[in-house]
Amino acid sequence: MRLSVTTWNINSVRLRIDLVLRFLSEHKPDVLCLQETKCPDDAFPLKALRGSGYEHVMFAGQKGYNGVAILSRFPLHTRGVMGFCEKPDARHISAVLGPEAGAAAGIVLHDFYVPAGGDVPDRALNPKFAHKLDFLGELRAWGGKRVSGPAILVGDLNVAPLEHDVWSHKQLLDVVSHTPVETEALELLRGEAGWIDAARHLTPEPEKIYTWWSYRSPDWSGANKGRRLDHAWVSPELAGTVRLVEVLRDARGWARPSDHAPVTLTLEL
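Residue numbering for the sequence shown follows our numbering, starting at 39 and increasing by one per position.
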């Protein structure tokens, strides 16, 4: 069977519910993982999403900030939520695909939203950057043991780790999301735990891959000054099943879009 899992920083699920519903109707992933839902749990648009064929939904939200959610065509079990840096931020949720998912049953899904880190890449001068580095450090500690079993980790990790994950490696070395301290931290935690970067597993450098384009650019598509901030990782057990990682760039051009494009991982199980 084929399993498709999409990750998308939606930048407010209520503001962009029409875009989410359009995406689900046109692309029909088996699982959609959202970040930055910016929605408290009691206001999450559950009815609309279930009405689109995604009956199984788990979410962790807060008013106006952060927030993550997993929508699935298959039943979800074993909801998990982790906190980081002694903050009440909703930045992680996990679930397990149930037996009804057939060959995909038992796959553990992790959905993360890593802090953006502000504008100044200096721990001493910028508390937001310090928070980001501390978050990545705690994430490394969580993943200190090598991942085992079938598992997928997706989300807006807010780091473009490789040279060709940004439009200009040289110009962005001092820009938050591509500084050496961030890229090394992300690659270290990924490597230590054994996660496989699915996009680069299929499409090695030097080919460019972007998933985010700034709102500040009046011609984001023509300028194409993007970064790969959104990621899909798989456990070693699933590495041989990865068939496609697709950045659905068209969605970045929809009316009132998120600045992130959806990224879909497809496995052949």
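By construction, the Cβ of each residue, glycine as well, lies at the ideal position given by its N, Cα and C atoms. Here the structure is a predicted model, which means the values were calculated and not measured.
Apart from the five residues just before and just after residue i, which ones in its own chain have a Cβ nearer than 8 Å to its Cβ?
| i | result |
| --- | --- |
| residue 18 | Because the chain spans 39 through 307 in this model, residue 18 falls outside it and cannot be assessed. |
| residue 117 | 96, 131, 132, 133 |
| residue 233 | 181, 185, 191, 271, 272, 273 |
| residue 290 | 251, 258, 259, 296, 297, 298, 299 |
| residue 263 | 205, 206, 251, 252, 255 |
| residue 123 | 169, 172, 173, 176 |
Just mark residue i as buried or exposed, buried being the case when its beta carbon has 16 or more other beta carbons within 10 Å.
| i | result |
| --- | --- |
| residue 226 | exposed |
| residue 293 | exposed |
| residue 63 | exposed |
| residue 41 | buried |
| residue 209 | exposed |
| residue 81 | exposed |
| residue 140 | exposed |
| residue 89 | exposed |
| residue 35 | Only positions 39 to 307 of the chain appear in this structure, which leaves residue 35 out of reach. |
Taking the alpha-carbon of residue i as reference, which of the options has the nearest alpha-carbon?
| i | options | result |
| --- | --- | --- |
| residue 236 | 288, 75, 218, 274 | 274 |
| residue 87 | 175, 70, 76, 102 | 70 |
| residue 68 | 126, 99, 51, 142 | 142 |
| residue 171 | 208, 153, 250, 118 | 153 |
| residue 126 | 175, 98, 188 | 98 |
| residue 174 | 162, 108, 155, 188 | 155 |
| residue 187 | 231, 89, 263 | 231 |
| residue 120 | 109, 105, 113, 112 | 105 |
| residue 213 | 261, 229, 179, 265 | 265 |
| residue 313 | 179, 60, 255, 45 | Lying outside 39 to 307, the shown extent of the chain, residue 313 is not represented and no answer is given. |
| residue 129 | 169, 303, 256 | 169 |
| residue 110 | 122, 45, 281, 256 | 45 |
So, for residue i: in the same chain, excluding its five sequence neighbours on each side, which residues have a beta-carbon less than 6 Å away from its beta-carbon?
| i | result |
| --- | --- |
| residue 12 | Since the displayed the chain opens at 39 and closes at 307, residue 12 lies outside it and no answer follows. |
| residue 286 | 299, 300 |
| residue 177 | 227 |
| residue 138 | 112, 113 |
| residue 303 | 43, 236, 270, 283 |
Express the C-alpha separation of residue j and residue i in angstroms, rounding to a whole number.
| i | j | result |
| --- | --- | --- |
| residue 93 | residue 239 | 32 Å |
| residue 307 | residue 279 | 6 Å |
| residue 103 | residue 75 | 7 Å |
| residue 58 | residue 48 | 8 Å |
| residue 259 | residue 245 | 17 Å |
| residue 136 | residue 218 | 39 Å |
| residue 288 | residue 161 | 36 Å |
| residue 91 | residue 43 | 15 Å |
| residue 39 | residue 215 | 36 Å |
| residue 73 | residue 51 | 9 Å |
| residue 108 | residue 54 | 16 Å |
| residue 65 | residue 276 | 23 Å |
| residue 189 | residue 115 | 14 Å |
| residue 281 | residue 256 | 34 Å |
| residue 305 | residue 144 | 14 Å |
| residue 183 | residue 211 | 30 Å |
Suppose the cutoff is 7 Å on Cβ atoms and the five residues either side in sequence are ignored; what does the same chain contact list for residue i look like?
| i | result |
| --- | --- |
| residue 84 | 95 |
| residue 158 | 164, 167 |
| residue 101 | 78 |
| residue 61 | 289, 300 |
| residue 243 | 200, 201, 202 |
Looking at the C-beta of residue i, does it have a partner C-beta in chain C at a distance below 8 Å?
| i | result |
| --- | --- |
| residue 258 | Although the question refers to chain C, the structure presented lacks it and comprises just one protein chain. |
* Inter-stretch contact at 8 Å, needing at least 3 Cβ pairs: the stretch 148-163 / the stretch 200-207 -> Contact between the stretch 148-163 and the stretch 200-207 is not established, with fewer than three Cβ pairs separated by less than 8 Å.
* Is there contact here, the stretch 255-274 with the stretch 179-195, by at least three beta-carbon pairs under 8 Å? -> yes
* To do: Spell out a yes or no on whether the stretch 249-264 and the stretch 294-301 are touching, meaning 3 or more CB-CB pairs, one atom from each, closer than 8 Å.
  => In the pairwise beta carbon analysis, the stretch 249-264 is classified as touching the stretch 294-301: at least three pairs are separated by under 8 Å.
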